[in-house]
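Numbering (the numbering used here), first residue to last: 493 to 620. All remarks here apply to the structure that follows.
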Amino acid sequence: MLKIRVIPILTFNGFALVKTKQFANPRMVGNAVQAARVYNSRGVDELVFLDIFASEQNRRLNLSLVKDIIKECLMPIGIGGAIASLEDINNLLKIGADKVIIKMKALTDPGLLKRPPMCSEASVLQSP
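Structure below.
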């Protein structure tokens, strides 16, 4: 029998967790680091954090926040949002991300997925 895996996907806007309807009208609902602590204590199988407005707002992913989130978690972590280069991928892998999720850059630079990241044990995922 297959084990059911629990993988919450949390969306944030630079620093705070947000709830949206079809990615519009974001409403702040909490602290990303505290949410990571809660999910860690509940023993989820994996956790995904997506900064859903970083690209739209022309800003970089908040690496300081990502580091704080990763420190709180014992499970694999996937991070996405405003990933624009191989350097961004490598930076996330260096600070402890297990998976890097990219979307728009993969569409405009398909070769990005063909270039190996510095740490080949982690995953680079293209979101649909």
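All C-beta atoms in this analysis are idealised placements derived from N, C-alpha and C, irrespective of residue type, glycine included. No experiment lies behind these values; they were computed from the predicted model shown.
Checklist entry - Buried or exposed: which applies to residue 515, given that a residue is buried once 16 or more other Cβ atoms fall within 10 Å of its Cβ? => result exposed
Next on the checklist: So, for residue 558: in the same chain, excluding its five sequence neighbours on each side, which residues have a beta-carbon less than 6 Å away from its beta-carbon?
Outcome noted: 571
Next on the checklist: Tell me which residue opens and which closes the alpha helix (DSSP H) that residue 628 is part of.
Outcome noted: Residue 628 lies beyond the stretch modelled for the chain, which goes from 493 to 620, so this question has no answer here.
Next on the checklist: Excluding the 5 residues flanking residue 526 on each side, which residues of the same chain have their C-beta closer than 7 Å to its C-beta?
Outcome noted: none
Checklist entry - Cα separation between residue 535 and residue 582? => result 27 Å
Checklist entry - Based on Cα-Cα distance, which residue from 530, 565, 497 lies nearest to residue 537? => result 497
Next on the checklist: Here's the rule I'm using: 16 or more other beta-carbon atoms within 10 Å means buried, otherwise exposed. How should residue 603 be labelled?
Outcome noted: exposed
Checklist entry - Using the C-alpha atoms, what's the distance from residue 503 back to residue 580? => result 19 Å
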